[in-house]
Amino acid sequence: MSNSSYIKLWGETQETLSDLVAREPNPETQKPEKDRAVAFQTLATFYIKYLQAFRNVERCYDQFVHPQKRRLLKQLLEAVMGRFLEIKHEMVKLELSDYHYFDDILIDLKLTPTDMEIPIPKYFIFDNYRILKDREHFLFQLTGPPKLEDAREVTKMTLDEAVRLIQRHERARQGRLRARFMREIRQQEEVEKSNGPILKVDDPEAAVVLLQKMWRGVQVRRSTRKMRQEELVWLGMVPSNLHHIVQKSNVVKLAQRVETVRRVTQNIYEQEYQDAIVRLKEKVRETEGPEMREAMQDQIRQWFVECRDATGRFPDYPEEDEGGSAAIFKQKTPEELEREMKEREEAAQKDKGKKGEKPTKPEKKDDKKKKKDDEPDGWKVGPSAFLDDLREGCRQYETIWAHRDEQDNFAQRHDEEIIKEEKRAEVEKEVRFQVDELLRQELRNLKIAIDKEKLKRVPKKRGKKGKKGKKGKRGKKDKDLTPDRTLISLYEELVLAGIIKKPEKVQINEYYGEYSFLGTTLRQANIEPQPSLSDIRRLVTEYAILPLGSQVVHEKAPWIKSILFAGPRGTGKRMLVNAICTETGSNLFDLSAENLVGKYPGKDGLRMLIHMVFKVARLLQPSVIMVNDCEKMMKKKIPKTDLTDPKRLKKELPKAMKVLRPEDRVLLVGCSSAPFDAEVRPFCNLYQKIILIPRPDYTTRYLLWRALIVRYNGFLNPNLDITSLSKISDGYTAGNIAQACRQVLTDRRVAQLTRRRLVASEFVSPLAQMEPVYADEEEAYKIWYRKTPLGKQKQLAIEMEAEAAANAASGKKGGGKGKK
5 MSNSSYIKLW GETQETLSDL VAREPNPETQ KPEKDRAVAF QTLATFYIKY LQAFRNVERC
65 YDQFVHPQKR RLLKQLLEAV MGRFLEIKHE MVKLELSDYH YFDDILIDLK LTPTDMEIPI
125 PKYFIFDNYR ILKDREHFLF QLTGPPKLED AREVTKMTLD EAVRLIQRHE RARQGRLRAR
185 FMREIRQQEE VEKSNGPILK VDDPEAAVVL LQKMWRGVQV RRSTRKMRQE ELVWLGMVPS
245 NLHHIVQKSN VVKLAQRVET VRRVTQNIYE QEYQDAIVRL KEKVRETEGP EMREAMQDQI
305 RQWFVECRDA TGRFPDYPEE DEGGSAAIFK QKTPEELERE MKEREEAAQK DKGKKGEKPT
365 KPEKKDDKKK KKDDEPDGWK VGPSAFLDDL REGCRQYETI WAHRDEQDNF AQRHDEEIIK
425 EEKRAEVEKE VRFQVDELLR QELRNLKIAI DKEKLKRVPK KRGKKGKKGK KGKRGKKDKD
485 LTPDRTLISL YEELVLAGII KKPEKVQINE YYGEYSFLGT TLRQANIEPQ PSLSDIRRLV
545 TEYAILPLGS QVVHEKAPWI KSILFAGPRG TGKRMLVNAI CTETGSNLFD LSAENLVGKY
605 PGKDGLRMLI HMVFKVARLL QPSVIMVNDC EKMMKKKIPK TDLTDPKRLK KELPKAMKVL
665 RPEDRVLLVG CSSAPFDAEV RPFCNLYQKI ILIPRPDYTT RYLLWRALIV RYNGFLNPNL
725 DITSLSKISD GYTAGNIAQA CRQVLTDRRV AQLTRRRLVA SEFVSPLAQM EPVYADEEEA
785 YKIWYRKTPL GKQKQLAIEM EAEAAANAAS GKKGGGKGKK
């Protein structure tokens, strides 16, 4: 896309954002909505539209080369991102569920499930590219290249065994040669029988013409077959042969090359912009600074004279902390005037109340209960921390960029006039500070000479000591146990101890999952649908990746500091942790019990470890702290055979989590395959959000088989019945399917694919050797999830709705009998 295309896309998106901001309900004047379905439809519509705007703004920010526009786009991007995350949390409070389904709304808005994919902003990585590369290089230096596996010991053979082995291989070789020779003779006999006598051509030219004709026919049939296959793939009637490793067309390659060139251009233009800021500020200071100084001096001296004429004495010069001379000529906005009027009225009412009214008695508990009962029930939108940023972004776009003539700026370099306006204000502030110092002394001399005031020593104002605030839940300050150590030494120690690990590079879109199309239909029938892996991918993006990637969003959006991934083995919990680290460029700290065996023994050693981990994690944000098999930490009884001592962190880890603040982009992630083994209350207190990962449904299994077969160098063909594979693998996890693909698609089997195509029966034997997720185990996860805080609230809401429906039904029956 060209610059004009991206400018047009930004303009259209800005219109959508302005309309959305204008339609946002006001929490103060909004009437409570009693119908939860209507409230959810309102929130869901806002969520989808903000998500579409987020996709467009992210695309523009990634490809715009204009440095000043990119600054405004980043402000808008973070504001839109934060707003739709706020709406997500509102929907969770309303529906008491982390999973939401938008099938009916997507149909009304003419959107597809692909339009609901949440993009990961590319600036999470590109803006910190050098830092991440340096960190990766430092990790490589400390850990060295990956260690090779130890060579297996080869048992010695006797002479007889060696002779028999050679004889077997030699007989096999001779047998293969004999079989090939006999096969060629048989094929030749079949050709002679089917074609009849061989046509003899005496004329060499006739023979050449015949060969050319046959070869042209072969070429045309081959090209026609290829075109037919490509058309069927394009129409979606035949599955693409490559799903994971896509063969890119020349157009796609060109588009990606253009995107890369634009990112390089961004860096060049950004450097030009930074140089222009310094150059233009100096130019404004040299050309306009003297005029500013003279105009300010004349204006302030005129004020001296006018005040003396009006009051008979010279005025007092405002101090620097009061704004200096800028406070003299400051024009108040209508909002400030209105605020002052309100403050005066409130002060007057307080004075009247103190003089005439008797002190009011404190409200009783019964009165408070009555007031709460009188308040109308229903849903109201909560306050937003991002709407003001959105409004400011829309205002800046309208005033600066919407109607700006950029015909002479085809290359989209920086605009010098905007820089001059910004730097003119900075230079004016600097000049005003110098003028204030000069004229403040001049005013003192005038007072001494004309008003005959004695020279008083102006005491320096001391700042008032702030009152000590009450210590809250996070009031305790963490004591630094390593004040004399550098960050590099702490980081190096944790790497060498195996606490900091290099995460595997996994994109979140590699966590395959198909969209669930029956979610809304099932909920309307009062059936809670099982979330798909696509829903899990969305939750991880919303709760972990987007807040960790943006400092602004993490500080202002609802704060999530810990997440638990629970589910059977092979559902991809560790893969999701790696995806979070890859997408956000986070450090990975592994505090699993198995990884801590023999490290930092004793209470003092454990305290030092936790201190070092959280200190480094907060200084090198963003960071992810992973605890694998975290349910063992909260178990009542640990088997004697378990020597990992998993309860070491039971007290220290929750205590360390209390030190974190919203500005700390640190996320605790627990992975558990048996969460029902842990005590529910302390487990749920430690992990704020619980994501239960189910086994894949049919559509996801179909997608997984296609993707994983290709990933392990297999080829899809019409003889490969993926539908049957998807049905027989019901109950198996994505890890089981991947393991089956690895076992079947060995190097030897891949080499034979051109001669012997894959068939579904080859995957049956590996699957039969694995344990699937049985119905009893799946039910155990569901029962445990109902004991979590959100699960309890959901269960209580369902019971209350059922009770209300029963009461309504009995009331109708009673009313009917009375009429009879």
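Per our numbering, the very first residue in the sequence shown carries number 5; after that it's consecutive. Each residue gets a CB set at the ideal place from its N, CA and C atoms; glycine is no exception. What you are looking at is a predicted structure, and each value in this text was computed from that prediction instead of being measured.
Beta-carbon proximity check, residue i vs residue j, cutoff 8 Å
i      : j      : result
Arg699 : Gly735 : yes
Ile423 : Ile272 : no
Gly293 : Val431 : yes
Val61  : Leu77  : yes
Asp649 : Gln534 : no
Leu550 : Met85  : yes
Ile695 : Ile567 : yes
Gly704 : Ser536 : Per the sequence shown, residue 704 should be read as Thr rather than Gly. Yes. Within cutoff.
Gly589 : Phe144 : no
Leu80  : Gly517 : no
Gly382 : Lys97  : no
Glu90  : Phe390 : yes
Leu450 : Phe333 : no
Ser520 : Tyr105 : yes
Ile304 : Leu443 : yes
Where the beta strand (DSSP E) through residue i begins and ends
i      : result
Val673 : 670-676
Reduced DSSP category for residue i - H, G, I as helix; E, B as strand; rest coil
i      : result
Ile694 : strand
Phe521 : coil
Ala597 : coil
Ser227 : helix
Lys714 : The sequence shown places Val at residue 714, rather than the Lys named in the question. In this structure, Val714 counts as helix in the three-state DSSP scheme.
Glu194 : helix
Asn591 : strand
Glu121 : coil
Lys160 : coil
Ile332 : coil
Ile642 : coil
Thr503 : For the sequence presented, residue 503 should be read as Ile rather than Thr. Correct three-state label for Ile503: coil.
Glu508 : coil
Glu497 : helix
Glu766 : helix
Leu459 : Only weak support is given to the placement of Leu459: the predicted model assigns it a pLDDT of 48, under 50, and the question is left unresolved by the model.
Glu402 : helix
Asp701 : coil
Closest Cα partner of residue i within the set the options
i      : options                        : result
Glu99  : Lys786, Asp138, Gly795, Val212 : Gly795
Ala406 : Gln18, Pro679, Thr264, Ser493  : Gln18
Ala2   : Ile584, Leu169, Pro643, Leu494 : In the structure as shown, the chain begins at 5 and stops at 824. Residue 2 is therefore absent and cannot be evaluated.
Gln786 : Ala742, Trp563, Arg710, Pro679 : First, the amino acid is wrong: residue 786 is Lys here, not Gln. Nearest C-alpha to Lys786: Pro679.
Leu595 : Pro626, Met630, Gly574, Gly606 : Met630
Arg669 : Arg573, Gln756, Phe618         : Phe618
Lys427 : Glu286, Phe106, Gln306, Glu326 : Glu286
Glu683 : Leu657, Trp709, Thr645, Lys641 : Lys641
Thr575 : Asp751, Asp608, Ala742         : Ala742
Phe687 : Thr645, Lys636, Arg715, Lys731 : Lys636
Gln528 : Ala41, Gln34, Glu508           : Ala41
Terminal residues of the alpha helix (DSSP H) in which residue i lies
i      : result
Leu136 : 133-147
Phe569 : Not the alpha helix (DSSP H): Phe569 falls in the beta strand (DSSP E), residues 566-570.
Val265 : 254-315
Asn632 : Taken as a continuous stretch (DSSP letters only), Asn632 belongs to no alpha helix (DSSP H), being part of the beta strand (DSSP E) at 627-632.
Glu782 : 779-789
Phe680 : That residue, Phe680, is in no alpha helix (DSSP H); it is neither H nor E in DSSP.
Leu849 : The requested residue 849 is not part of the displayed model; the chain covers only 5 to 824.
Gln438 : 420-453
Ala621 : 606-623
Gly553 : 550-553
His93  : 71-99
Ser388 : No alpha helix (DSSP H) contains Ser388, which DSSP labels as neither H nor E.
Ala660 : 656-661
Ile531 : No alpha helix (DSSP H) contains Ile531, which DSSP labels as neither H nor E.
Ile106 : Correcting the residue type first, residue 106 is Phe in the shown sequence and not Ile. From DSSP, Phe106 is part of no alpha helix (DSSP H); its letter is neither H nor E.
Ser538 : 537-544
Contact with chain B by residue i, beta-carbon distance below 8 Å
i      : result
Lys427 : The question asks about chain B, but that chain is absent: this structure has only one protein chain.
Beta strand (DSSP E) runs contained entirely in the stretch 39-70, provided each spans 3 or more residues: With a minimum length of 3 residues, no continuous beta strand (DSSP E) run stays inside the stretch 39-70.
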